[in-house]
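What follows is a short report on a single structure.
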Amino acid sequence: MTILLTVLGIALFAVGLMVSIAWHELGHLSTAKLFGIRVPQYMVGFGPTVWSRNKGETEYGIKAIPMGGYIRMIGMFPPGEDGRIEARSTSPWRGMIEDARSAAFEELKPGDENRLFYTRKPWKRVIVMFAGPFMNLILAVAIFLGVSMSFGFATQTTQVAGVQQCVISQSEDRDKCQKSDPVSPAQAAGLKKGDKIVAFNGEPVADWSELSNHIRETIGPATITVVRDGRQQVLKATLAKNMVAEKDGQGQVVPGKYIAAGYLGFAAQTEIQPLSFGESVNRMGDMIENSVDSIVALPSKIPDLWNAAFSDGERKADSPVGVVGAARISGEVLNLDVPTQSIIATFLMVLATFNLSLFLFNMLPLLPLDGGHIAGALWESVRRSIAKVFRRPDPGPFDVAKLMPVAYVVAGIFICFTLLVLVADIVNPVKIS
């Protein structure tokens, strides 16, 4: 049964991946057609074509390897300075430029002179290239808000799930009390499992985050107001100074970091709680911010990835994950011993995170990514505006093809990084259970 569920999870992720890619390319396709650019091909996947059908002037199809997709627009790059596209140089770098330029004019037909991508105004080209990643962002936000507002997330509450018997520094790798350990303030105050804390030092507390901050800020005497068996009681406690886990600006625990703060000594009850629209938007903002930080930190994670793939290094929980790793996680999700709705919600969040990553990654201002074409169109707009202000001749379209040698280098780096992540995902995968 475990193997069957794992295979099913991987298959479902593959379907979600194909839908995400098709949705991405639909953004490019629809806006390109809106602006009159001819699109000969719309393909989901790479490699041999499994199925295709011609509709109008576009061939729609699915390819064997679900690792990406593309649309082919004619005239992605302008012709060379001599107006020809057939010229071929012996220089390997120049050859890359001319190969890219020639490919941009494949299937050029009479009447297409005014339907070339590069002839469109820069703002239209920006829209066409931005539309693909933007579709992934829309899908990520829709899934996230749907899960957040209908199902919710595991949220710590102010209800007591258990009381610590003694004071143990959270930086210590143990959970059993020793004779030398002092009694925890919660145990000494008479706090019990099932109590709901409603006030701290006479101030009402609405949620766990607020209560946690009050506790951390207090060392010494304090009053704890609880509801027990339907009645309010006020307990007196003397909070101890202890090493506790550090929190970031969003209130999330920072792994491996500890600070000295006030300590009461109880575990908070965790419940699945739907969030309001405003709370969901705020949490989505935190998710985007964390994703941006993760992309910025990618280069710094390469040594750990290498050690995890080719040595006995630990594969950290925040390690980059590729398509294979995400598929394995999806298979693992279906084997979790949790309610079915939790499995569905977790799977959808994996898909939402994947789409958000697609958006952010494609927005990097580097060729051959969509962000590279956007940067080229914006630079052309700036260059033409400057020429207009100073009454200089129009410099014409910016030849993005001249950046193709850089694009090949960037693509090579991406391929090497992808292979490294792939090996790590196979030999030392990230696990959630």
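If you count by the working numbering, then the sequence shown holds residues 37 to 469, one letter each, in order. A virtual CB, placed ideally from N, CA and C, is assigned to each residue, including glycine.
Whole-angstrom distance between residue j and residue i, CA atom to CA atom
i: residue 255; j: residue 230; result: 24 Å
i: residue 323; j: residue 115; result: 43 Å
i: residue 156; j: residue 71; result: 8 Å
i: residue 442; j: residue 449; result: 11 Å
i: residue 257; j: residue 269; result: 17 Å
i: residue 314; j: residue 56; result: 26 Å
i: residue 51; j: residue 161; result: 30 Å
i: residue 470; j: residue 369; result: This structure cannot settle anything about residue 470, because the visible part of the chain is limited to 37 through 469.
i: residue 457; j: residue 343; result: 11 Å
i: residue 434; j: residue 451; result: 27 Å
i: residue 381; j: residue 373; result: 14 Å
i: residue 340; j: residue 351; result: 7 Å
i: residue 404; j: residue 98; result: 22 Å
i: residue 111; j: residue 423; result: 24 Å
i: residue 96; j: residue 194; result: 55 Å
i: residue 90; j: residue 63; result: 19 Å
i: residue 411; j: residue 159; result: 11 Å
i: residue 127; j: residue 447; result: The predicted position of residue 127 is uncertain, since its pLDDT is 48 and thus under 50; no value can be drawn from it.
Helix, strand or coil at residue i according to DSSP, with G and I counted as helix
i: residue 79; result: strand
i: residue 84; result: strand
i: residue 208; result: coil
i: residue 200; result: coil
i: residue 437; result: helix
i: residue 103; result: strand
i: residue 470; result: Residue coverage of the chain in this structure runs from 37 to 469, which leaves residue 470 outside it and unanswerable.
i: residue 377; result: helix
i: residue 165; result: helix
i: residue 450; result: helix
i: residue 13; result: The requested residue 13 does not occur in the structure, where the chain is confined to residues 37 to 469.
i: residue 214; result: coil
i: residue 23; result: One cannot answer for residue 23 here, as it falls past the ends of the chain, which runs 37 to 469.
i: residue 125; result: Unreliable positioning characterises residue 125 in this predicted model, as indicated by a pLDDT of 41, which lies under 50. The coordinate reading is nonetheless provided below. It is coil, neither helix nor strand.
i: residue 158; result: helix
Beta-carbon proximity of residue i to residue j, cut-off 8 Å
i: residue 413; j: residue 390; result: no
i: residue 109; j: residue 406; result: no
i: residue 183; j: residue 384; result: yes
i: residue 217; j: residue 364; result: no
i: residue 302; j: residue 247; result: no
i: residue 274; j: residue 221; result: yes
i: residue 317; j: residue 294; result: no
i: residue 388; j: residue 47; result: no
i: residue 304; j: residue 197; result: yes
i: residue 320; j: residue 170; result: no
i: residue 463; j: residue 345; result: yes
Candidates the options, of which the one nearest residue i by Cα
i: residue 337; options: 217, 182, 453; result: 453
i: residue 149; options: 74, 444, 293; result: 74
i: residue 297; options: 276, 160, 358; result: 276
i: residue 253; options: 240, 319, 236; result: 236
i: residue 397; options: 47, 60, 353; result: 60
i: residue 201; options: 468, 213, 349; result: 213
i: residue 40; options: 429, 371, 327, 332; result: 371
* Count the C-beta pairs between the region 187-197 and the region 209-216 that are closer than 8 Å, then say yes if the count reaches three, no if not. => Verdict: no, contact absent.
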